[in-house]
Structures are given as structure tokens and as C-alpha cells.
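To convert, take the position in the sequence shown, counting from 1, and add 2; that gives the numbering used here.
Where is the CB? At the ideal position from N, CA and C, for every residue including glycine.
Structure record follows, encoded as C-alpha cells.
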Amino acid sequence: MKKIASLNLVLFFTTFPLSFGKESDPMKVYDSIINPVLEAKCVSCHGTEKDKGKLRMHTKEFLVKGGRGAGDAIIVKGEVEESELIFRITLPKDDEEAMPPLEDQAHYNPVTVQELSVLKSWIKLGASFDMIINDLDEAGRIAAEHVLKNLPEKKLSATALLIPKLPEVSPADTSAIEKLRDSGLLVMPIAQNTNALYVNASYKGKSFNDESIKLLQPIAPQLLWLNVARTAITDKATESLTNFSLLERLHAENTPLTDAATPNISKLTNLKYLNLYGTGISDASIENLRKLKKLEKVFLWQTKVTSKGAESLRKNFVDQKIYATLSKEKSNLTAQKDQISDNYDLELEKLNAVMQQNSAKTEDTSPINDKCPVSNKPVDITKFSNFEGRMVGLCCNSCKSKFAKDPSSYRSKIANLKPSKDFENSLAAVKSKENSKLEALENVGKKLREISSELNSMGPEINLGWSVVQAQK
Numbered sequence: 003m004k005k006i007a008s009l010n011l012v013l014f015f016t017t018f019p020l021s022f023g024k025e026s027d028p029m030k031v032y033d034s035i036i037n038p039v040l041e042a043k044c045v046s047c048h049g050t051e052k053d054k055g056k057l058r059m060h061t062k063e064f065l066v067k068g069g070r071g072a073g074d075a076i077i078v079k080g081e082v083e084e085s086e087l088i089f090r091i092t093l094p095k096d097d098e099e100a101m102p103p104l105e106d107q108a109h110y111n112p113v114t115v116q117e118l119s120v121l122k123s124w125i126k127l128g129a130s131f132d133m134i135i136n137d138l139d140e141a142g143r144i145a146a147e148h149v150l151k152n153l154p155e156k157k158l159s160a161t162a163l164l165i166p167k168l169p170e171v172s173p174a175d176t177s178a179i180e181k182l183r184d185s186g187l188l189v190m191p192i193a194q195n196t197n198a199l200y201v202n203a204s205y206k207g208k209s210f211n212d213e214s215i216k217l218l219q220p221i222a223p224q225l226l227w228l229n230v231a232r233t234a235i236t237d238k239a240t241e242s243l244t245n246f247s248l249l250e251r252l253h254a255e256n257t258p259l260t261d262a263a264t265p266n267i268s269k270l271t272n273l274k275y276l277n278l279y280g281t282g283i284s285d286a287s288i289e290n291l292r293k294l295k296k297l298e299k300v301f302l303w304q305t306k307v308t309s310k311g312a313e314s315l316r317k318n319f320v321d322q323k324i325y326a327t328l329s330k331e332k333s334n335l336t337a338q339k340d341q342i343s344d345n346y347d348l349e350l351e352k353l354n355a356v357m358q359q360n361s362a363k364t365e366d367t368s369p370i371n372d373k374c375p376v377s378n379k380p381v382d383i384t385k386f387s388n389f390e391g392r393m394v395g396l397c398c399n400s401c402k403s404k405f406a407k408d409p410s411s412y413r414s415k416i417a418n419l420k421p422s423k424d425f426e427n428s429l430a431a432v433k434s435k436e437n438s439k440l441e442a443l444e445n446v447g448k449k450l451r452e453i454s455s456e457l458n459s460m461g462p463e464i465n466l467g468w469s470v471v472q473a474q475k
């Protein structure tokens with residue numbers, strides 16, 4: 003697949019009028035595009051109900067105020083690269099500082115290429131809340147046209163959608179709770195308005211052992227989440243775990259547990275989350291783990307469990323017919339998307355070649371400019387270069403060489419530059435084909451995201467470290 007290297011430069015620097023709204027009622031960039039994008043993708047974490055990093059984005063005033071750390075550098079007028087908003091949006095999606103955050107693929111709602119292009123153009127040109135779309139640069143206007151046809155919808159995060167139905171249990175004995183806290187354990191309700199408890203013994207380290215876990219017996223009817231990571235518990239301690247029938251989350255990573263522990267763990271029928279990272283379990287435990295019918299996520303990284311064993315566990319949760327159908331559809335859509343991209347790139351390569359030819363030819367018999375765009379000195383009429391179908395005068399061979407390397411960077415310094423009709427027509431053809439490519443890819447991409455989301459939401463995640471196996475019920 004060949005890249006159209008010069009296309010972006012040409013699109014960026016060439017004026018090609020687009021019309022948005024009536025002249026008497028021009029569309030403002032912020033009101034019609036940026037605010038809807040922020041509302042759909044940012045305000046759930048940075049709005050009236052939540053202000054991560056002390057940043058709120060639900061009003062213009064709060065947006066420019068910024069948050070903790072970056073402050074008003076959230077948007078630096080005229081400086082795209084200095085603006086924290088752009089920096090966060092363009093971070094890799096798995097970076098912990100990326101915006102919006104990636105919780106899972108099913109609920110991930112990133113800023114699109116076109117939305118980002120509008121944001122960059124708006125900031126570069128001053129980030130005025132009164133700026134109209136026609137004031138954006140060419141790249142921004144093209145992107146705006148696409149965004150207006152595909153305004154984003156708000157997608158709730160996985161966290162927002164996860165509103166668990168908490169079990170109704172009687173209050174735990176307060177003296178038992180105080181005794182556990184006095185021993186150095188963290189004991190607290192898992193949420194407001196519930197008696198269900200979370201206990202964290204990981205702070206105790208190796209001083210928390212098989213005998214220590216028996217201290218939890220008085221709160222067994224209330225114990226919902228338990229963290230015994232990095233403690234000294236052995237397989238014997240799991241005999242006591244069977245008394246915690248309510249348990250939904252168990253952290254037992256980096257403990258001496260082996261396959262002998264999993265028969266008891268398999269009796270925790272309400273378990274949804276299980277972390278056995280860094281333990282001694284192997285494929286021999288798969289048969290026991292299959293009994294955890296409510297399991298949603300299990301960590302088996304740095305254990306003796308193999309990929310084959312994980313696949314065996316996965317199949318326990320799979321409806322093979324549905325999985326095969328969706329997987330085939332996903333494969334077909336992926337191939338279709340690649341084919342669309344390849345086909346359009348071939349057409350764009352041809353159109354781009356024509357555009358470059360039209361840029362290099364001219365009907366001018368003398369330079370259109372008096373001053374050299376490189377040095378600002380008077381031009382030498384014998385030193386010239388054709389650009390966008392016009393004859394551009396230079397002052398010397400050195401400037402001519404510099405101009406030839408990157409003519410678009412000097413475009414704004416060429417007085418009286420109006421591209422030739424042939425060049426404008428070929429540029430319009432390239433732009434039209436590029437937009438068609440984006441729309442075609444978006445149509446297939448939308449279906450592909452829906453299929454991927456359905457696959458990913460059908461069962462527990464089996465984490466083996468670098469590889470993650472999705473299981474389908």
C-alpha cells in the first residue's frame with residue numbers, strides 16, 4: 003500500500019471553498035462541532051458530576067480554566083503542540099494518561115481523525131468560541147464537513163454501566179471488624195448503603211498466613227471482596243475460603259498456591275474475578291476453574307497454565323455456533339476494509355499523480371511574484387519553479403533548491419498565488435476520492451466495531467500476560 007505523501011500538504015495549504023450554513027447564520031466551530039464532541043467523549047469524566055484531575059469541560063468557562071497540572075495550558079491559542087488537550091488525545095490508547103481512557107473495547111469512544119483535525123485547526127487559528135467553520139483552514143473544513151455528517155453519540159463507559167446489584171446481608175459484628183482492623187487489615191464496605199465488605203490483607207505481607215485467614219470467619223456472611231495478594235497463605239488456607247460463599251472477587255496473586263488450591267476455589271460459585279498471577283497453578287487446574295460459571299475475568303499470567311489450557315477453559319464458556327458465525331463475519335469485514343483501503347489508495351495514487359503533473363505545468367510566461375518566497379529578495383526571472391500550476395520566481399539557485407525540497411512550506415510567502423484551474427480541478431478530484439474513502443471505511447469500520455464489541459462482551463477474559471483470551475458464553 004503506497005502512501006500519498008504530498009496529499010496532506012496540498013490539502014492543508016490550498017484554499018478550496020466549502021459552505022456551512024447560511025451567510026446570515028454561519029455555523030460556529032465550537033457550538034456545532036467541538037462542544038458536541040466534548041459532550042459525547044469527555045464530559046462524563048470532566049463535567050458536573052465528575053471532574054477527574056479537577057478538569058471540567060461542560061462549559062466554555064470551565065474548559066479554558068483547565069484542571070490540575072496543565073491549568074489553562076489545556077488549550078494554548080495558536081499552539082497546537084503546546085495544548086494539553088491535543089497531547090492527551092493523541093497519546094497511545096493504552097497510555098494511562100490518554101483521553102478518553104480505554105477501559106475496554108466495547109465502551110471505548112475515542113476522538114476520530116476528523117474530530118481531531120477540527121480541534122487542531124480551531125486551536126491553531128486562535129481557539130475563538132466565535133470562529134465559524136468557514137474560517138478554518140482547508141484541512142479543518144474538510145474534516146468539519148465529515149464530522150457534521152457523523153456527529154458522535156455519547157457512549158457510557160464500562161464503569162458507568164457497571165451498577166452491580168449488591169447482596170442484601172445483615173450487618174457484621176462491629177467488634178469483629180474492629181478486631182480485624184486492629185490486626186492491621188483494611189476492612190470497609192464495598193459501597194454506600196450496603197453491609198457487604200471488602201478486606202485487604204496484602205498490606206500484612208508474609209505475616210498473614212493460613213492461621214490468619216481464620217480470623218475472617220466472623221464476617222464470612224458479609225465478605226464480598228478479598229485481597230490476600232503477596233501473603234504467605236498456602237493451599238491449606240483455601241479450606242477456610244470455602245466458608246466465604248458470598249465472595250465475588252479474590253486477589254491471590256503472588257502467593258504459594260498450587261493446583262491443590264483450586265478444588266476449594268471452585269466451590270466459590272459466586273466468584274466473578276480471580277487473580278492467580280504468579281502462583282504455581284497449571285493446566286491441571288483448568289477442570290476446577292471451569293466450575294466457576296459466573297467468572298468474568300481471570301488472571302493466569304506467570305503461572306504454568308499454557309495457551310492450550312487457557313483455550314480449553316475458554317471453550318467452557320463458548321457457544322461455538324455463535325462464536326464461529328461472529329468470528330467469520332469479523333474476518334470478512336476486516337478483509338473487506340483492507341480491500342477498500344487498497345482500492346482507494348490505487349485510485350488516489352493515480353489522481354495524485356495527475357495533480358502533481360498539473361502542479362508542475364503552467365501557462366505563465368513570467369513569474370507571478372516579485373519577491374523570492376525563500377529570501378524575500380527581488381526575483382531573478384531566470385530562476386523559477388512551477389508550483390500549483392503557476393510560475394514562482396526565486397532569487398538564486400540556492401533558494402530554488404530550497405524551494406524545490408518543500409514548496410508547500412513557502413506557500414504563504416508567495417504573493418498573488420492563485421492555483422491554476424487544472425490544478426484546482428485535480429485537487430477537487432483527490433479531495434472527493436479521499437472523502438469517499440473515509441466514508442466507505444467508516445461504514446465498514448462501524449460494523450466491525452459492533453461485531454468486535456459483541457465478541458468481547460460475551461464472556462470472561464482470560465489474561466495470560468501478553469495474550470488475552472476472550473471467552474464467549
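Going along the chain, which residues of its own chain have a beta-carbon closer than 6 Å to the beta-carbon of Tyr275, five neighbours each way excluded?
-> Arg251 and Lys299
For Lys488, name the three-state secondary structure that DSSP assigns.
-> No answer is possible for residue 488: it lies beyond the span of the chain, which begins at 3 and ends at 475.
CA-to-CA distance, Cys44 to Phe246, given in whole angstroms = 40 Å
Count the other CB atoms within 10 Å of the CB of Leu153; is the residue buried (16 or more) or exposed (fewer)?
-> exposed
Where Val149 and Leu419 are concerned, what is the direct C-alpha to C-alpha distance, given to the nearest angstrom?
-> Val149 and Leu419: Cα-Cα distance of roughly 30 Å.
Among Arg392, Ser343 and Phe386, which residue has its Cα nearest to the Cα of Ser361?
-> Arg392
Given that a residue counts as buried once 16 or more other Cβ atoms are within 10 Å of its Cβ, and exposed if not, what is Lys433?
-> Counting the other CB atoms within 10 Å of its CB gives Lys433 a total of 16 or more, which places it among the buried residues.
Bounding residues of the alpha helix (DSSP H) (the contiguous stretch that carries Glu241) | Membership of Glu241 in the alpha helix (DSSP H) is indicated by the continuous run Thr240 to Leu243.
Within 8 Å, strictly: CB atoms of Ala254 and Val230 | Yes, these two residues count as a Cβ contact at 8 Å.
Hey, is Lys439 close to the ligand MG, as in C-beta under 7 Å from one of its heavy atoms?
-> For the ligand MG, the structure offers nothing, since it holds no ligand at all.
Determine the contact status of Val31 and Val113, defining contact as a CB-CB distance below 8 Å.
-> no
Report buried or exposed for Glu86, applying the criterion of at least 16 other Cβ atoms within 10 angstroms of its Cβ.
-> buried
Looking at C-alpha atoms only, which residue of Leu199, Lys310 and Leu273 is the closest neighbour of Ile288?
-> Lys310
Is the Cβ-Cβ distance between Ser422 and Phe405 less than 8 Å?
-> No, these two residues do not count as a Cβ contact at 8 Å.
What residue range is occupied by the uninterrupted beta strand (DSSP E) comprising Tyr275?
-> Tyr275 to Asn277
At least three beta-carbon pairs within less than 8 Å, the segment 262-271 to the segment 283-297 | With a cut-off of 8 Å, the segment 283-297 and the segment 262-271 count as touching, because enough Cβ pairs lie within range.
Does DSSP classify Gly311 as helix, strand or coil?
-> Helix.
In whole angstroms, what is the alpha-carbon distance linking Ser314 and Gln322?
-> 13 Å
Taking C-beta to C-beta, are Lys435 and Leu353 nearer than 8 Å?
-> yes
Contact check, Lys317 vs Ser454, beta carbons under 8 Å = no
Which class does Ser247 belong to by DSSP, given the choice of helix, strand or coil?
-> coil
Straight-line Cα distance separating Leu291 from Ala234 | 22 Å
Out of curiosity, what's the CA-to-CA distance linking Lys151 and Glu444?
-> Using only the alpha carbons, I get a separation of about 12 Å.
Quick one: complete alpha helix (DSSP H) runs, 4+ long, within the segment 361-391?
-> Complete alpha helix (DSSP H) runs here, min 4: none at all.
Any idea if Thr176 is buried or exposed, counting beta-carbon neighbours within 10 angstroms, 16 or more meaning buried?
-> exposed
Could you pull out every residue in the same chain whose Cβ sits closer than 7 Å to the Cβ of Arg490, ignoring the five residues on either side in sequence?
-> Outside the displayed range of the chain (3 to 475) lies residue 490, so it cannot be described from this structure.
Pro191 in three-state terms, based on DSSP | strand
Val300, enclosing beta strand (DSSP E) - first and last residue = Taken as a continuous stretch (DSSP letters only), the beta strand (DSSP E) holding Val300 covers Lys299 to Phe301.
Range of the contiguous alpha helix (DSSP H) that encloses Ile144 = Glu140 to Lys151
Let me know if Arg183 comes out buried or exposed under the rule of 16 or more other beta-carbons within 10 Å of its beta-carbon.
-> Arg183 counts as exposed, since fewer than 16 other beta carbons sit within 10 angstroms of its beta carbon.
Going along the chain, which residues of its own chain have a beta-carbon closer than 8 Å to the beta-carbon of Phe301, five neighbours each way excluded?
-> Glu255, Leu276, Asn277, Leu278, Tyr279 and Asn465
For Ile342, which three-state DSSP category applies?
-> helix
Should Pro462 be labelled buried (16 or more other beta-carbon atoms within 10 Å of its own) or exposed?
-> buried
Inspect the beta-carbon positions of Leu440 and Thr336 and report whether they are closer than 8 Å.
-> no
Backbone secondary structure at Glu99 - three-state DSSP = coil
Environment of Pro380 [buried if 16+ CB atoms lie within 10 Å] | exposed
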